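Protein chains in written order, with our numbering: chain A, 325 to 582; chain B, -3 to 10. Using N, Cα and C, we set each Cβ at its ideal position, and we do this for glycine too. Keep in mind that this is a model prediction, so the values were computed, not measured. First comes the structure, then the notes that go with it.
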Amino acid sequence: MFEARLLQGSILKKALEGIRELITSGNWECSSAGISMQGMDPSHVALTVLMLQNDLFDQFRCDRNVTLGLNHATFSKILKCAANDDIITLKAEDQPDECNLLFQSANDDKTSDFIIKLTDIDQETLGIPDTEYAATVKVPSVEFQRICRDLSQFGDTIIISVKKGCVEFSGTGEIGSAKIALKESGNVDDDEKVSVEMDKDTPCSLSFASRYLNYFTKATSLSDTVTLQLCPEHPLVVSYDIGDNGSLKYYLAPKIEE
Amino acid sequence: SGKQSSLMSFFKKK
């Protein structure tokens, strides 16, 4: 028996916004540790990894590991029936062919009960190697969303460059070019600030498809800040923390010189 | 503006 009650149901709604356009369906793996889902886009360019630890839920019970094969378009349609301040409970039997979703309004005067049919998804799981990243950059998530949107007007590639105390985003296309630089702020405890950490102070510059970066920014409402991790010739990691007990991470393969 | 690489060249199937 699996049962997970999320007081802040909007977390699930927001997470699905950041997933549904990248992965049409996924295996949501439920264990005593929490819920995780990993999926790649069909062209093997971006990997999406969602982690919701058991502590994120006010009630969590998972007697045996359960796989919920969910169609994300359907899941999203159902979650849109929940209000932002609803409490959401997910329930499933041990070897489920359906999952039950219960929405309770904040003042408990409305309950909605949905059943979503599960599908068998034959999906490969990828092992993500531990990487020592050359640069770790934290920026306000809204700022990152805006930069990705603005630079997409210039071309299909965004170059992210990190040098000491500064991260630079640039794009070039037929209409012209653009370069947006964010300087590291003094006080990095504030969510509005920018922090730039570098290993060995070596500048690092990589090119990425703007289309995917824009997909990732659909998760903006999950967190005030977004973390970017770069390493030469490695996938970029874009992470949105979900409080202290969860995260939505994206891995994006770089564009390389032909 | 560069060739798109695949994640499969970085990550291995489990």
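- [ ] Could you check the C-alpha separation between GLU353/A and ILE359/A for me, to the nearest Å?
- [x] ILE359/A has its alpha-carbon roughly 6 Å from the corresponding atom of GLU353/A.
TODO: Using the Cα positions of ALA406/A and GLY495/A, report the straight-line distance between them to the nearest angstrom.
DONE: 39 Å
Open item on the list: Can you find the residues in the same chain that come closer than 8 Å, C-beta to C-beta, to LYS524/A, ignoring five residues on each side of it along the sequence?
Closed with: ALA458
Task: Interface partners of HIS396/A on chain E, CB under 8 Å - done: Considering every chain present, this structure includes no chain E. Its protein chains are A and B.
Open item on the list: Would you say LEU346/A lies against chain B (beta-carbon separation less than 8 Å)?
Closed with: no
Open item on the list: Run through chain B and tell me which residues come within less than 8 Å of ALA577/A, C-beta to C-beta.
Closed with: GLN0, SER1, SER2, LEU3, SER5, PHE6
Task: VAL466/A - DSSP class collapsed to helix/strand/coil - done: helix
Open item on the list: Could you compute how far the alpha carbon of VAL518/A sits from the alpha carbon of GLU417/A?
Closed with: 45 Å
Task: Residue environment, THR372/A, which counts as buried when at least 16 other CB atoms sit within 10 Å - done: buried
Task: Proximity winner among GLY567/A, PRO556/A, ILE566/A, relative to LEU576/A (alpha-carbon distances) - done: PRO556/A
Task: 9 Å Cβ cut-off: residues of chain B touching THR369/A - done: Per the sequence shown, residue 369/A should be read as Val rather than Thr. Result: GLN0, SER1, SER2, LEU3.
Task: ILE499/A, enclosing alpha helix (DSSP H) - first and last residue - done: Element bounds for ILE499/A: n/a, residue is neither H nor E.
Open item on the list: Closest to GLY570/A by C-alpha separation, out of MET375/A, ASN351/A, LYS338/A, GLY342/A, would be which residue?
Closed with: MET375/A
Task: Contact between the segment 557 to 566 of chain A and the segment 532 to 547 of chain A (3+ Cβ pairs under 8 Å) - done: yes
Open item on the list: Just verifying my parser: in three-state terms, what is the DSSP assignment at LEU336/A?
Closed with: helix
Task: Helix, strand or coil at LYS434/A [DSSP, three-state] - done: coil
Open item on the list: DSSP has MET364/A in a bridge; who is on the other side?
Closed with: LEU371/A
TODO: Alpha carbon to alpha carbon, how far is GLN428/A from LEU506/A? Give it in angstroms, no decimals.
DONE: Each residue's alpha carbon lies about 42 Å from the other.
TODO: State the Cα-Cα distance for the pair SER1/B and THR449/A, rounded to the nearest angstrom.
DONE: SER1/B and THR449/A have their alpha carbons spaced roughly 19 Å apart.
TODO: With a 10 Å radius around its C-beta and 16 neighbouring C-beta atoms as the bar for buried, classify ILE580/A as buried or exposed.
DONE: exposed
Open item on the list: Along the segment 480 to 508 of chain A, where does the CB come closer than 8 Å to a CB of chain B? Name the residues.
Closed with: ASP480, THR481, THR496
Open item on the list: LYS(-1)/B and GLU582/A - do their beta-carbons sit closer together than 8 Å?
Closed with: Yes; because the gap between Cβ atoms is below 8 Å, this pair is in contact.
Open item on the list: Taking the beta strand (DSSP E) that LYS401/A belongs to, which residues open and close that run?
Closed with: Not the beta strand (DSSP E): LYS401/A falls in the alpha helix (DSSP H), residues 396 to 403.
Open item on the list: Tell me which residues share the same chain as GLU341/A and place their Cβ nearer than 8 Å to its Cβ, disregarding the 5 neighbours each side in the sequence.
Closed with: SER400, LYS542, ALA543, SER545
Task: chain B contact residues for GLY350/A, given Cβ-Cβ distances below 8 Å - done: None at all; the shortest Cβ gap to chain B is about 15 Å.
Task: Alpha carbon of GLY333/A to alpha carbon of GLN383/A, nearest angstrom - done: 13 Å
Open item on the list: Let me check understanding here. Comparing Cα to Cα, which of GLN553/A, SER356/A, ILE566/A, LYS441/A lies closest to THR398/A?
Closed with: LYS441/A
TODO: Assuming GLY567/A contacts LEU380/A (C-beta within less than 8 Å), just tell me the rounded distance between them.
DONE: 7 Å
Task: Own chain residues within Cβ distance below 8 Å of LYS404/A, not counting five before or after - done: Taken in chain order, the residues that qualify are LYS337.
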